[in-house]
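Undergrad:
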Amino acid sequence: MLIYLRPLADASLQHRRVAVPPEPVPGQQQQAGLPALHSTFRRYSSDYEYSGTPFGFGIHTAPKPGPQAAKGRYTNTQGKKYVVFYLDLSFIFLLELRHCRMAKGCLIGLRYGMVFFNLLFWLGGCGILGVGVWLSVTQGNFATLSSSLPSLSAANLLITVGAIVMVIGCLGCMGAVKESRPLLLSFFILLLLIFFLEILMIILFYAYQEQIDRYAQSDLKKGLQLFGTEGNVGLTNAWSIVQTDFRCCGVTNHTDWFEVYNATRVPDSCCLEYSDNCGLENPGTWWTAPCYERVKGWLQENLVALWIFALCTALTQILGLVFSMTMFCQIAKPETFYA
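According to our numbering, the sequence shown is numbered sequentially starting from -15.
1) Give the straight-line distance between the Cα atoms of Glu277 and Val235, rounded to the nearest whole angstrom.
2) Within the same chain, show all residues whose beta-carbon is closer than 8 Å to that of Leu303, passing over the 5 residues directly before and after it, in chain order.
3) Straight-line CA distance for Pro274 to Asp197?
4) Any contact of the region 279 to 298 with the region 139 to 156, i.e. 3+ C-beta pairs under 8 Å?
5) Output the boundary residues of the alpha helix (DSSP H) element that contains Trp223.
6) Around the Cβ of Arg231, are there at least 16 other Cβ atoms within 10 angstroms (buried) or fewer (exposed)?
7) Which residue's Cα is closest to the Cα of Cys255: Tyr245, Asn266, Ala247 and Asn246?
8) Pull up the CB-CB distance for Thr220 and Gly212, whole angstroms please, since I reckon it's below 8 Å.
9) Can you give the beta carbon distance from Ala139 to Leu119, rounded, assuming they're within the 8 Å contact cut?
10) When the Cβ atoms of the region 168 to 178 are set against those of the region 240 to 257, are three or more pairs found closer than 8 Å?
11) Which of the three DSSP states is assigned to Cys233 in this structure?
12) Where in the region 232 to 269 do unbroken runs of the alpha helix (DSSP H), each at least 4 residues long, occur, reported from the N-terminal end onward?
13) So does the region 94 to 110 actually touch the region 306 to 315, counting three or more Cβ pairs closer than 8 Å?
14) Would you report the Cα separation of Ala147 and Asp240, rounded to the nearest angstrom?
15) Would you decide whether Phe105 is buried or exposed? Buried here means 16 or more other CB atoms lie within 10 Å of its CB.
16) Cα separation between Gly93 and Ala160?
17) Alpha carbon to alpha carbon, how far is Ser164 from Ile315? Give it in angstroms, no decimals.
18) Taking the CB atoms as reference points, tell me whether Gly263 and Val244 lie closer together than 8 Å.
19) Tell me whether Leu301 sits in a helix, a strand or coil according to DSSP, three-state version.
20) For the putative contact between Thr228 and Ser253, defined by C-beta atoms under 8 Å, what is the C-beta separation to the nearest angstrom?
21) Would Leu181 be called buried (16 or more neighbouring beta carbons within 10 Å of its own) or exposed?
22) Could you check what DSSP says for Trp291 in three-state terms: helix, strand or coil?
23) In or out: Val306 buried (at least 16 other Cβ within 10 Å) or exposed?
24) Would the beta-carbon of Val115 fall within 8 Å of that of Leu142?
25) Got a sec? Which residues, its chain only, sit under 6 Å from Gly281 by beta carbon, not counting five neighbours each side?
26) Between Gly215 and Met150, which are expected to be in contact by the criterion C-beta below 8 Å, what is the C-beta distance as a whole number of angstroms?
Below you can see the structure in the form of structure tokens.
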């Protein structure tokens, strides 16, 4: 049941014009049994008038003035055919009911849109979290390349991102289902903060790109010192996979490994054809391309795909912000009640 209370809109006021009744025409008598004229429920146009009880509806045609005009029921000053539709408060009620139905329909549409959007958001977070847990259990600290940030592994990143996405999706979905203003507001604030952080990270990355390159190369070279040591299985596996897949060796050159082993030697993953202890053989059988430049070039080749992914992510977040705030404002209207 929908009850919609608000002041009459301007569009409905034009249907409730009240006019002062004119002076009675001499010789014209009121028909017996008809109620007296009431100035509150009168409607006039430029050609005809109707007098009667409120909430009325009348249709009458007459080719010329006749007995009906003398009785005071209907009057046509030009003597033409006419149709009178008398709709007073009943018409206003129907107009307001239409507004209410439209508002309710919009709110229901927003609710379903929010539920669908956040359900996909939540399922995506579950998938990311599941992949992160699987990598953590089966591969250890997979893709840990940095020595200064050993916890910055692919598994930990996926787990963190997946958990955040799940929480945000759950807030939005529950807020839409229950029409809860606090949940919707929390969803909006969290999503807005993440959106601004993403924009800030992109700006800082392009502003300090050269400094980031130097720091990354220096940190990766320090990480080579931990290759093959106890407790650094994730870093060892990550370097082996990168050098094998990208056909490279070392950070900036294959000679980076000479400082690690204090000898003319490279890991077996640097060999053109993998075999045990192949890194001790002739340098002509090793990859010599720098891994940092190879990975950076791969990212630049797929820059269009990365930008498309970033734009889709931003568009999804913007839609979530718009849906949540619109629904929050609709629920916050004090004149609308649902029972």
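For glycine and all other residues, C-beta sits at the position ideal for the given N, C-alpha and C.
TA: Straight from the coordinates:
1) What you label residue 277 is simply residue 293 of the sequence shown in a count that begins at 1. What you label residue 235 is simply residue 251 of the sequence shown in a count that begins at 1. Straight-line Cα distance between these residues: approximately 8 Å.
2) As a working mapping, residue 303 is identified with position 319 in the sequence shown. The residues are Phe101.
3) Here residue 274 corresponds to residue number 290 of the sequence shown, with the count starting at 1. Here residue 197 corresponds to residue number 213 of the sequence shown, with the count starting at 1. The alpha-carbon atoms of Pro274 and Asp197 are separated by roughly 14 Å.
4) no
5) As a working note, residue 223 is residue 239 in the sequence shown. For Trp223, the enclosing alpha helix (DSSP H) begins and ends at Val217 to Phe230.
6) Taking the sequence shown and counting its residues from 1, the one referred to as residue 231 is at position 247. Of the other Cβ atoms in all chains shown, fewer than 16 fall within 10 Å of the Cβ of Arg231; this residue is therefore exposed.
7) What you label residue 255 is simply residue 271 of the sequence shown in a count that begins at 1. Checked all of Tyr245, Asn266, Ala247 and Asn246; the closest Cα to Cys255 is Asn266.
8) To locate residue 220, count along the sequence shown from 1; it is residue 236. To locate residue 212, count along the sequence shown from 1; it is residue 228. That pair is a contact at about 5 Å.
9) As a working note, residue 139 is residue 155 in the sequence shown. As a working note, residue 119 is residue 135 in the sequence shown. Their Cβ separation, rounded to whole angstroms, is 4 Å, which keeps Ala139 and Leu119 in contact under 8 Å.
10) no
11) Stepping through the sequence shown from its first residue, residue 233 is reached at position 249. In this structure, Cys233 counts as coil in the three-state DSSP scheme.
12) 240 to 245
13) yes
14) As a working mapping, residue 147 is identified with position 163 in the sequence shown. As a working mapping, residue 240 is identified with position 256 in the sequence shown. If I take the Cα positions, the gap works out to 38 Å.
15) For the purposes of this step, residue 105 is identified with residue 121 of the sequence shown, where counting begins at 1. Buried, since its Cβ has 16 or more Cβ neighbours within 10 Å.
16) Position 109 of the sequence shown, counting from 1, holds the residue named residue 93. Position 176 of the sequence shown, counting from 1, holds the residue named residue 160. Taking the straight line from one Cα to the other gives about 11 Å.
17) Position 331 of the sequence shown, counting from 1, holds the residue named residue 315. Position 180 of the sequence shown, counting from 1, holds the residue named residue 164. Answer to the nearest angstrom: the Cα atoms are 8 Å apart.
18) Working through the sequence shown from its first residue, we reach residue 263 at position 279. Working through the sequence shown from its first residue, we reach residue 244 at position 260. Against a cut-off of 8 Å, the Cβ pair of Val244 and Gly263 comes out as no contact.
19) Reading the sequence shown from its first residue, position 317 is the one you call residue 301. Here residue 301 turns out to be Gln, not Leu, going by the sequence shown. Correct three-state label for Gln301: helix.
20) Taking the first residue of the sequence shown as 1, we reach residue 228 at position 244. Taking the first residue of the sequence shown as 1, we reach residue 253 at position 269. Sure, about 5 Å apart at Cβ, within 8 Å.
21) Taking the sequence shown and counting its residues from 1, the one referred to as residue 181 is at position 197. Exposed, since its Cβ has fewer than 16 Cβ neighbours within 10 Å.
22) For this step, residue 291 is matched to residue 307 along the sequence shown. Looking at Trp291 - three-state DSSP - the assignment turns out to be helix.
23) For the purposes of this step, residue 306 is taken as the residue at position 322 of the sequence shown. Exposed is the call here.
24) Counting from 1 along the sequence shown, the entry for residue 115 is found at position 131. Counting from 1 along the sequence shown, the entry for residue 142 is found at position 158. Leu142 sits close to Val115, with the two beta carbons spaced by under 8 Å.
25) Residue numbering aside, residue 281 sits at position 297 when the sequence shown is read from its first letter. Counting only Cβ-Cβ distances below 6 Å, and skipping sequence neighbours, we find nothing.
26) Within the sequence shown, numbered from 1, the residue matching residue 215 stands at position 231. Within the sequence shown, numbered from 1, the residue matching residue 150 stands at position 166. Not confirmed; about 31 Å, so no contact.
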